[in-house]
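Quick note, my numbering runs 20 ahead of the 1-based positions in the sequence shown. Here's the structure, in structure tokens; my notes come after.
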Amino acid sequence: MKQVQLNTGSMIPIIGLGTWKSMPGELYSAIRWAIKLGYKHFDCAAIYGNEKEAGQALADAIKEGDVKREELFVTSKLWNDAHAAQDVAPALENTLRDLQLDYLDLYLIHWPVAQRKGTGIPENSDDILNIPEEVTWAEMEKLYLLGKTKSIGVSNFSIKKLQQLIQKADIIPAVNQIESHPFLQQKKMIDFCKQNNIAITAYSPLGSGGDSNRSVLDNQIIKEIAWRVKATPAQVVLAWQVLRGVIVIPKSIHEERLRENLSALNIELDATDIEKINGLDENYRFIDGKDFLYGSEDLWDED
Ligand SMILES: NC(=O)c1ccc[n+]([C@@H]2O[C@H](COP(=O)([O-])OP(=O)(O)OC[C@H]3O[C@@H](n4cnc5c(N)ncnc54)[C@H](OP(=O)(O)O)[C@@H]3O)[C@@H](O)[C@H]2O)c1
Numbered sequence: 021m022k023q024v025q026l027n028t029g030s031m032i033p034i035i036g037l038g039t040w041k042s043m044p045g046e047l048y049s050a051i052r053w054a055i056k057l058g059y060k061h062f063d064c065a066a067i068y069g070n071e072k073e074a075g076q077a078l079a080d081a082i083k084e085g086d087v088k089r090e091e092l093f094v095t096s097k098l099w100n101d102a103h104a105a106q107d108v109a110p111a112l113e114n115t116l117r118d119l120q121l122d123y124l125d126l127y128l129i130h131w132p133v134a135q136r137k138g139t140g141i142p143e144n145s146d147d148i149l150n151i152p153e154e155v156t157w158a159e160m161e162k163l164y165l166l167g168k169t170k171s172i173g174v175s176n177f178s179i180k181k182l183q184q185l186i187q188k189a190d191i192i193p194a195v196n197q198i199e200s201h202p203f204l205q206q207k208k209m210i211d212f213c214k215q216n217n218i219a220i221t222a223y224s225p226l227g228s229g230g231d232s233n234r235s236v237l238d239n240q241i242i243k244e245i246a247w248r249v250k251a252t253p254a255q256v257v258l259a260w261q262v263l264r265g266v267i268v269i270p271k272s273i274h275e276e277r278l279r280e281n282l283s284a285l286n287i288e289l290d291a292t293d294i295e296k297i298n299g300l301d302e303n304y305r306f307i308d309g310k311d312f313l314y315g316s317e318d319l320w321d322e323d
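Written out as structure tokens, the structure is:
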């Protein structure tokens, strides 16, 4: 499996399995199949509500000898309601307990938005707190130094928010996990992160199932390239990210698709294919936090 070296020295497998929207009863088997197929990297989060099921699958896979803990790369994310200094370490402890792990490989601040404790999606301005990101980050740094997580990073941070954080941080984030696919290529962010030795993980790399306006996997240009290189549209868009060094975490609960997505590593695209995909960028988000994180109008800082 191709890997990317993080600024901590840790190696992250370039393809991982996403776990958002995997329903109870679906995730266990998906993780067990994925490990048997060769996946080592799993992207979890407390807010997905399924870390216990993920943890059971990981624990059983280790117990039955399918994989060793040290071969796995497990990511989780701090939810917005635990940004206060005293809430960060307990949130990680809950996640570790649910995942049945002693340490994480990567812990991310899920969104640059702080909410009142106990809130999932904020309902009104009362749910939003004013906690500077550097306060939360200082606690993340402590968890890293304690060895509770091998790397720390952020998610959904704009370039401006990353710059502000880096100025005040002792430890540079290892990763910024952001939405990226052919309709949202994030070239400026990728350049900025390269310059600052921050790896990029693309979430929703397949376009998250599409919406009423658009579908990445139904795009005519993607389909034509897929036909020509004898691959599927999913494999084409994953291969395109891997070729530009971006880590991807496609989610599936189906064994065939897990296999298909992992095999994207074997797909070759030529310069013409890549140019055609590069031409599809339209800065289009399927998951726009501004739509559901109350009061976060400046989330993307016009990136
Ligand atoms: N940091 C963040 O704020 C954030 C936000 C969103 C997502 N994420 C992470 O990123 C992961 C991936 O993003 P995502 O779940 O939004 O979207 P995605 O991985 O782009 O797409 C998932 C959708 O595509 C389907 N699919 C998977 N493989 C396929 C294939 N080969 N052919 C056709 N359809 C396929 C899946 O259905 P089936 O499962 O039925 O196969 C599912 O409906 C998440 O699971 C989560 O771990 C992070």
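Just so you know, even glycine gets a beta-carbon here, dropped at the ideal spot from N, CA and C. Please read these numbers as outputs of a predicted model, since none were measured by experiment.
Beta-carbon proximity list for residue i, same chain, < 6 Å, skipping 5 on both sides
| i | result |
| --- | --- |
| residue 319 | 309, 310 |
| residue 132 | 153, 177, 181 |
| residue 284 | 255, 258, 259 |
| residue 239 | none |
| residue 37 | 54, 59, 62 |
| residue 25 | 31 |
| residue 67 | 99 |
| residue 212 | 179 |
| residue 21 | 33 |
Three-state secondary structure assigned by DSSP to residue i
| i | result |
| --- | --- |
| residue 69 | coil |
| residue 140 | coil |
| residue 21 | coil |
| residue 223 | strand |
| residue 199 | strand |
| residue 212 | helix |
| residue 94 | strand |
| residue 127 | strand |
| residue 60 | coil |
| residue 271 | strand |
| residue 135 | strand |
| residue 174 | strand |
| residue 38 | strand |
| residue 193 | coil |
| residue 31 | strand |
| residue 115 | helix |
| residue 156 | helix |
| residue 151 | coil |
| residue 252 | coil |
| residue 185 | helix |
Residue of the options minimising C-alpha distance to residue i
| i | options | result |
| --- | --- | --- |
| residue 4 | 94, 39, 195, 33 | No answer is possible for residue 4: it lies beyond the span of the chain, which begins at 21 and ends at 323. |
| residue 172 | 95, 62, 307 | 95 |
| residue 302 | 114, 234, 167, 270 | 234 |
| residue 122 | 168, 213, 31 | 168 |
| residue 137 | 103, 120, 83 | 103 |
| residue 197 | 126, 242, 86 | 126 |
| residue 186 | 200, 253, 52, 217 | 217 |
| residue 282 | 290, 247, 269, 291 | 269 |
| residue 50 | 93, 275, 295 | 275 |
| residue 316 | 304, 100, 232, 277 | 100 |
| residue 263 | 250, 294, 40, 273 | 294 |
| residue 18 | 43, 117, 280, 305 | No answer is possible for residue 18: the residues shown for the chain start at 21 and end at 323. |
| residue 71 | 81, 116, 105, 29 | 116 |
| residue 84 | 90, 111, 52 | 52 |
| residue 245 | 278, 291, 81 | 291 |
| residue 214 | 106, 266, 271 | 266 |
| residue 251 | 29, 111, 287 | 287 |
| residue 157 | 184, 118, 89 | 184 |
| residue 44 | 273, 280, 277, 307 | 273 |
| residue 109 | 91, 128, 92 | 128 |
| residue 69 | 90, 97, 165, 124 | 97 |
| residue 46 | 271, 79, 105 | 271 |
| residue 64 | 89, 228, 130, 88 | 130 |
Cβ neighbours of residue i in the same chain (closer than 8 Å, five flanking residues each side left out)
| i | result |
| --- | --- |
| residue 144 | 314 |
| residue 23 | 31, 32, 33, 34 |
| residue 242 | 202, 236, 253, 256, 257, 297, 300 |
| residue 248 | 293 |
| residue 107 | 101, 137 |
Same chain, Cβ closer than 7 Å to residue i, neighbours up to 5 away in sequence not counted
| i | result |
| --- | --- |
| residue 142 | 135, 148, 313, 314 |
| residue 56 | 86 |
| residue 48 | 73, 76, 77 |
| residue 280 | 252, 254, 255 |
is_contact[residue i, chain C] using C-beta, thresh 8 Å
| i | result |
| --- | --- |
| residue 40 | Structure shown: chain C not included; a single protein chain is present. |
- [ ] Would you be able to state if there are at least three C-beta pairs under 8 Å between the region 147-164 and the region 72-82?
- [x] no
Task: the region 159-171 touching the region 201-210, judged by at least three CB pairs closer than 8 Å - done: no
Task: Meets three-Cβ-pair contact criterion under 8 Å: the region 222-233 and the region 179-193 - done: Between the region 222-233 and the region 179-193, the count of Cβ pairs shorter than 8 Å is below three; the stretches do not touch.
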